[in-house]
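There are 2 protein chains.
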Amino acid sequence: MILEAAVLNVRSGAEQTFEEAFRAASPLIAATPGYISHQLQRCLDTKGRYLLLVQWETLEAHTINFRQSANFQQWKQQLHHFYDPFPVVEHYESLVEFSHNGN
Amino acid sequence: MILEAAVLNVRSGAEQTFEEAFRAASPLIAATPGYISHQLQRCLDTKGRYLLLVQWETLEAHTINFRQSANFQQWKQQLHHFYDPFPVVEHYESLVEFSHNGN
Numbered sequence: 001m002i003l004e005a006a007v008l009n010v011r012s013g014a015e016q017t018f019e020e021a022f023r024a025a026s027p028l029i030a031a032t033p034g035y036i037s038h039q040l041q042r043c044l045d046t047k048g049r050y051l052l053l054v055q056w057e058t059l060e061a062h063t064i065n066f067r068q069s070a071n072f073q074q075w076k077q078q079l080h081h082f083y084d085p086f087p088v089v090e091h092y093e094s095l096v097e098f099s100h101n102g103n
Numbered sequence: 104m105i106l107e108a109a110v111l112n113v114r115s116g117a118e119q120t121f122e123e124a125f126r127a128a129s130p131l132i133a134a135t136p137g138y139i140s141h142q143l144q145r146c147l148d149t150k151g152r153y154l155l156l157v158q159w160e161t162l163e164a165h166t167i168n169f170r171q172s173a174n175f176q177q178w179k180q181q182l183h184h185f186y187d188p189f190p191v192v193e194h195y196e197s198l199v200e201f202s203h204n205g206n
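So the sequences go chain by chain: A and B. FYI, the working numbering numbers position 73 of the first sequence as 73, with every residue one higher than the one before it. To get the working numbering, take the position in the second sequence, counting from 1, and add 103.
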């Protein structure tokens, strides 16, 4: 399982429109083969900042199945104009998972 | 529920020692009142980069219960010397959660 993570900085004043656009675009990414789940988190410390986290079955589910899809063209069109600067997207693998009741 | 997120950049060559130290230090944060869970993710794109994600019941569980604890002094001593530069820690609240089967 792969975690895609990106800190998104949205143009000042466009936060609410972005949030609505993100909700509307969510089915586009969720339709991808190898997609598991995603979430958008809103930053409490910095206005206009969000954290996008996407769980994929494999790296290629993101880099090929999604990024080379027609749905990604729509996703770009609907969301990319909100970002300033354009986000750095990175991929992670889980190393440690720990919860209240121990490892 | 609050998500604490920090991108950690570890000094070159110290990655394995850091990973072991992080595992060893995990019970220190997990003992905090209001702590739910945490994970350490290792970046596939950039060597030495990690993503720390911690779920807290409230913002104060992190900023007061943990940061003002004796455990945090130990946590700092065991982990902070690995980071270069020192990480920016931010807090997020969930806005959108979406999975394979819809919202």
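Positions of the beta carbon are idealized from the N, C-alpha and C atoms, including for glycine.
Where do the N-terminal and C-terminal ends of the beta strand (DSSP E) with B:Q201 fall, by residue? Counting from 1 along the second sequence, the entry for residue 201 of chain B is found at position 98. It is Phe, not Gln, that sits at residue 201 of chain B in the sequence shown. For B:F201, the enclosing beta strand (DSSP E) begins and ends at 192-202.
Going by the C-beta, is A:I64 closer than 7 Å to any heavy atom of the ligand GDP? Questions concerning the ligand GDP fall outside what the structure shown contains, since it holds no ligand whatsoever.
Given a cut-off of 8 Å, decide if B:N174 and B:A109 are closer than it, judged by their beta-carbon atoms. Your numbering for residue 109 of chain B matches position 6 in the second sequence. Your numbering for residue 174 of chain B matches position 71 in the second sequence. No; because the gap between Cβ atoms is not below 8 Å, this pair is not in contact.
Let me see if you follow: with CB-CB separation under 8 Å, is A:S12 close to chain B or not? Here residue 12 of chain A is taken as the residue at index 12 of the first sequence, counted from 1. A:S12 does not count as touching chain B.
Measure the beta-carbon distance from B:L198 to B:Y153 and round it to whole angstroms, keeping in mind my assumption that it falls under 8 Å. Counting from 1 along the second sequence, the entry for residue 198 of chain B is found at position 95. Counting from 1 along the second sequence, the entry for residue 153 of chain B is found at position 50. No, B:L198 and B:Y153 are not in contact; Cβ-Cβ is about 24 Å, not under 8 Å.
The region 188-205 of chain B: positions lying closer than 8 Å to chain A by Cβ: Residues of the region 188-205 of chain B with a Cβ closer than 8 Å to any Cβ of chain A, in chain order: E193, H194, Y195, E196, S197, L198, V199, E200, F201, S202, H203, G205.
Under 8 Å, do A:S4 and B:R145 count as touching if we go by C-beta distance? Looking up residue 4 of chain A in the first sequence gives position 4. Looking up residue 145 of chain B in the second sequence gives position 42. Note that residue 4 of chain A corresponds to Glu in the displayed sequence, not to Ser. The beta carbons of A:E4 and B:R145 sit no closer together than 8 Å.
Check whether the region 173-192 of chain B touches the region 120-135 of chain B, taking contact to mean three or more Cβ pairs, one atom from each stretch, closer than 8 Å. The region 173-192 of chain B vs the region 120-135 of chain B: in contact.
Cross-strand partners of A:Q39 (DSSP beta bridge): Taking the first residue of the first sequence as position 1, residue 39 of chain A is located at position 39. According to DSSP, A:Q39 bridges with A:L53, B:E200.
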